[in-house]
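Sequence lines, in order, name chains X and C. Just so you know, the first sequence maps onto residues 1 to 332 in our numbering. Just so you know, the second sequence maps onto residues 333 to 467 in our numbering. Structure record follows, encoded as structure tokens.
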Amino acid sequence: MKYSLENTFEHDIARNLGIPNLRYFGDVAYGGGAGCGAVGHAAMAIATGTAETVVVWRARNRGSGGRPWASKSNRIGGELQWYLPWGLSRPVDQIAMLARRHMIEYGSTEEHLAAVAMAFREHALNNPYAMMHKPMTREDYFDARFVSEPLRLFDCCLESDGALAVVLTTPERARDLKEPGALVSGFSQGIGPDHLVMANYFTPDPLDSPGAYAAKDLWNAAGMGPDDIDCVQLYDAFSPLVVISLEAYGFCKAGEGGPMAASGALRAQGGSLPCNTSGGSLSEAYVHGMNLIIEGVRQLRGTSTNQVQCETVMVTSGNGVPTSSLVLRKAA
Amino acid sequence: MSSPPRPVPDPDVAGALFWEAAARHELVLQKCASCGTIRHPPRPMCPVCNSMESIFEQASGRGRIWSWVVAHAPVLPSFADKVPYNVVVVELEEGVRMIGNLLDIENDAIAEGMEVVVDFEDVEQGVSLPVWRPA
Ligand SMILES: [Zn+2]
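Next comes the structure, spelled out in structure tokens:
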């Protein structure tokens with residue numbers, strides 16, 4: 001199972017590995033919204049017996065490659081015609097617009113976003129895989145340049161080269177493996193009403209994010225709720241998505257995501273809801289959220305470099321864009 | 333060095349009448365011919381009653397600032413000579429929202445709820461974009 005934006009194809013991997021019959025493949029759309037959905041689709045294929053073992057992967061060379069939105073012709077069709085002509089061109093612009101509205105409606109602040117960025121940087125310092133190993137102070141955050149006001153440099157994810165994979169198989173098969181597995185308790189996908197891909201300002205309440213729709217199905221599928229979760233890995237292409245997702249998935253009330261972050265709740269050290277314990281997309285690497293899924297598994301295996309007491313993990317992909325989410329739990 | 337051309341709409345069937353009106357410096361909105369619901373951006377089907385019949389009606393051209401950003405470098409090359417520039421979301425009197433730029437204002441003076449009126453910016457032969465000015 002792959003992201004629809006993936007450039008490495010199934011048949012290419014199959015012929016390199018010498019797989020004689022690749023009997024199940026597919027992809028999930030919407031960029032960073034795809035990851036948990038791809039894992040969920042893999043789990044469904046295994047649950048129905050369609051496949052026994054499924055690999056979900058994401059590979060990008062975004063650090064060394066080009067930017068996909070930089071090479072468009074100047075004739076813009078589809079939904080881009082409703083925002084790109086005015087210069088709302090970059091993902092950061094599109095999420096900054098929502099972040100501003102969140103500030104207007106709920107009084108959230110740049111200080112709240114700083115708390116998100118600083119917590120994740122603190123996590124990255126212990127993670128040898130992370131790209132960012134320099135501590136970040138509040139001054140560092142505020143001294144950094146604006147990219148799209150109200151968002152600054154450290155509100156934005158990294159540009160990374162990376163390739164990551166998750167292997168899913170049956171619980172019976174997993175018991176024979178060397179490493180302890182993580183069980184998929186539930187997954188969900190969501191697109192709310194009247195949604196455009198990322199410039200989602202046309203629905204009656206754009207802060208009622210797609211995650212809020214995915215959340216209802218996620219908690220039903222997993223048979224648990226936000227209070228049952230020990231650790232979260234929230235998709236963080238931009239820091240405001242963390243605030244919005246905390247609210248959408250019910251870890252706090254609408255408008256309280258920022259103050260929750262500022263209270264230190266997201267810190268692995270002493271926080272009530274450790275979040276993005278590898279450093280996340282802001283400070284570990286940006287591999288379209290696949291690294292968040294992998295850190296969730298590390299937490300359940302006890303191998304995180306910011307290990308917390310952890311029996312259950314929730315992971316999200318996207319929000320802002322069409323969204324997916326997962327609950328994982330420790331294998332018995 | 334001159335900037336590459338600005339991105340301009342390549343209208344689809346649903347959006348063509350909006351852009352044709354904009355080229356005449358008129359702001360129109362798509363309205364369901366069956367149930368009267370106004371929708372933006374334009375699309376083939378009414379999400380309320382699923383009718384595919386629609387008309388485009390003259391809009392008031394008045395609205396309020398709902399949100400905004402100020403884009404700083406690096407941006408697309410065609411916008412590079414404009415940084416820092418604003419992009420706003422306007423909530424129109426008709427209830428729908430629309431993206432635009434707010435002209436004749438310092439970026440720091442933009443505020444939520446500010447009343448704005450539509451104007452048009454000619455970006456290319458036959459292509460004009462709705463933009464906004466303080467009311
Ligand atoms: Zn209708």
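Think of the CB as a built atom: it goes at the ideal place given N, C-alpha and C, for glycine as much as any other residue. None of these values were measured; they are calculated from a predicted model.
Proximal residues to residue i (C-beta, below 7 Å), its chain only, five neighbours per side dropped
{"i": "C:S410", "result": "S335, P336, P337, R338 and P339"}
{"i": "C:M273", "result": "One cannot answer for residue 273 of chain C here, as it falls past the ends of chain C, which runs 333 to 467."}
{"i": "X:G32", "result": "Y235, A237, H288, G289, S317, G318 and V321"}
{"i": "X:C252", "result": "L246 and M260"}
Option nearest residue i by Cα separation, candidates the options
{"i": "X:L282", "options": "X:H133, X:R90 and X:V56", "result": "X:H133"}
{"i": "C:Q390", "options": "C:K363, C:N418 and C:V380", "result": "C:K363"}
{"i": "C:V345", "options": "C:G368, C:R375 and C:G445", "result": "C:R375"}
{"i": "X:R58", "options": "X:A285, X:T303, X:I76 and X:G302", "result": "X:A285"}
{"i": "X:E110", "options": "X:G296, X:E6, X:S89 and X:F142", "result": "X:F142"}
{"i": "X:C310", "options": "X:N220, X:E256, X:L273 and X:G250", "result": "X:L273"}
{"i": "X:N319", "options": "X:L300, X:H195 and X:A47", "result": "X:H195"}
{"i": "X:F154", "options": "X:P180, X:L113 and X:K178", "result": "X:L113"}
{"i": "X:K216", "options": "X:S245, X:T305 and X:W86", "result": "X:S245"}
{"i": "C:H404", "options": "C:L461, C:P466, C:K414 and C:P379", "result": "C:K414"}
{"i": "X:F202", "options": "C:L359, C:V421, C:V360 and C:A412", "result": "C:V421"}
{"i": "X:T137", "options": "X:E149, X:E122, X:V147 and X:V313", "result": "X:E122"}
{"i": "C:V448", "options": "C:R394, C:A441 and C:G347", "result": "C:R394"}
{"i": "X:P150", "options": "C:G432, C:Y417, C:L361 and C:M446", "result": "C:Y417"}
{"i": "X:A116", "options": "X:P259, X:T53 and X:D176", "result": "Note that residue 116 of chain X is Val in the sequence shown here, rather than Ala. Considering only alpha carbons, the answer is X:P259."}
{"i": "X:D208", "options": "X:H102, X:D140, X:L17 and X:V147", "result": "X:H102"}
{"i": "X:T323", "options": "X:P20, X:L5, X:A34 and X:N127", "result": "X:A34"}
{"i": "C:P462", "options": "C:A348, C:L359, C:A412 and C:P379", "result": "C:L359"}
{"i": "X:G87", "options": "C:P466, C:G432, C:R356 and C:F388", "result": "C:G432"}
Cβ of residue i within 7 Å of any chain C Cβ
{"i": "X:L207", "result": "no"}
{"i": "X:V197", "result": "no"}
{"i": "X:A96", "result": "yes"}
{"i": "X:M146", "result": "The identity of residue 146 of chain X in the sequence shown is Phe, whereas the question assumes Met. Chain C, which has a Cβ nearer than 7 Å to the Cβ of X:F146, makes this yes."}
{"i": "X:R62", "result": "no"}
{"i": "X:F202", "result": "yes"}
{"i": "X:Q309", "result": "no"}
{"i": "X:Q81", "result": "yes"}
{"i": "X:E149", "result": "yes"}
As assigned by DSSP and simplified to three states, the class of residue i
{"i": "X:C310", "result": "coil"}
{"i": "X:L292", "result": "helix"}
{"i": "C:R394", "result": "strand"}
{"i": "C:S410", "result": "helix"}
{"i": "C:P462", "result": "strand"}
{"i": "X:L17", "result": "helix"}
{"i": "X:A222", "result": "helix"}
{"i": "X:D227", "result": "helix"}
{"i": "X:G258", "result": "helix"}
{"i": "C:Y417", "result": "strand"}
{"i": "C:E389", "result": "strand"}
{"i": "X:G37", "result": "helix"}
{"i": "X:Q299", "result": "helix"}
{"i": "X:G280", "result": "helix"}
{"i": "X:Y30", "result": "coil"}
Neighbour-count burial assignment, residue i, 16 or more Cβ in a 10 Å radius
{"i": "X:S189", "result": "Ser is not the amino acid found at residue 189 of chain X; the sequence shown has Gln there. Buried, since its Cβ has 16 or more Cβ neighbours within 10 Å."}
{"i": "X:T50", "result": "exposed"}
{"i": "C:C367", "result": "exposed"}
{"i": "X:Y3", "result": "buried"}
{"i": "X:E93", "result": "Looking at the sequence shown, residue 93 of chain X is not Glu but Asp. Looking at its Cβ environment, which holds 16 or more other Cβ atoms inside 10 Å, X:D93 is buried."}
{"i": "C:N382", "result": "exposed"}
{"i": "X:N7", "result": "exposed"}
{"i": "C:L408", "result": "buried"}
{"i": "C:Q457", "result": "exposed"}
{"i": "X:N220", "result": "exposed"}
Same chain only: Cβ atoms within 6 Å of residue i, ignoring 5 sequence neighbours per side
{"i": "X:S325", "result": "C36, S188, A214, L218 and T316"}
{"i": "X:F25", "result": "E10"}
{"i": "C:S392", "result": "E425"}
{"i": "X:A119", "result": "L266 and R267"}
{"i": "C:A443", "result": "none"}
{"i": "X:A144", "result": "R152, L153 and F154"}
Residues near residue i by beta carbon distance below 8 Å, same chain, minus five either side
{"i": "X:V184", "result": "V39, G40, A43, L168, L326, V327 and L328"}
{"i": "X:A174", "result": "G181 and A331"}
{"i": "X:P171", "result": "G181, L183 and A331"}
{"i": "X:I76", "result": "L84 and P85"}
{"i": "X:P135", "result": "R121, E122 and L125"}
is_contact[residue i, chain X] using C-beta, thresh 7 Å
{"i": "C:G368", "result": "no"}
{"i": "C:V345", "result": "no"}
{"i": "C:P373", "result": "yes"}
{"i": "C:S460", "result": "no"}
{"i": "C:V448", "result": "no"}
{"i": "C:V380", "result": "no"}
{"i": "C:R394", "result": "no"}
{"i": "C:D413", "result": "no"}
Under 9 Å from the C-beta of residue i: neighbouring residues of chain D
{"i": "C:G432", "result": "The chain inventory of the structure shown lacks chain D, comprising the protein chains X and C."}
- Sequence-ordered residues whose beta carbon comes within less than 6 Å of a heavy atom of ligand 2: Here the bound small molecules are ligand 1; ligand 2 is not part of this structure.
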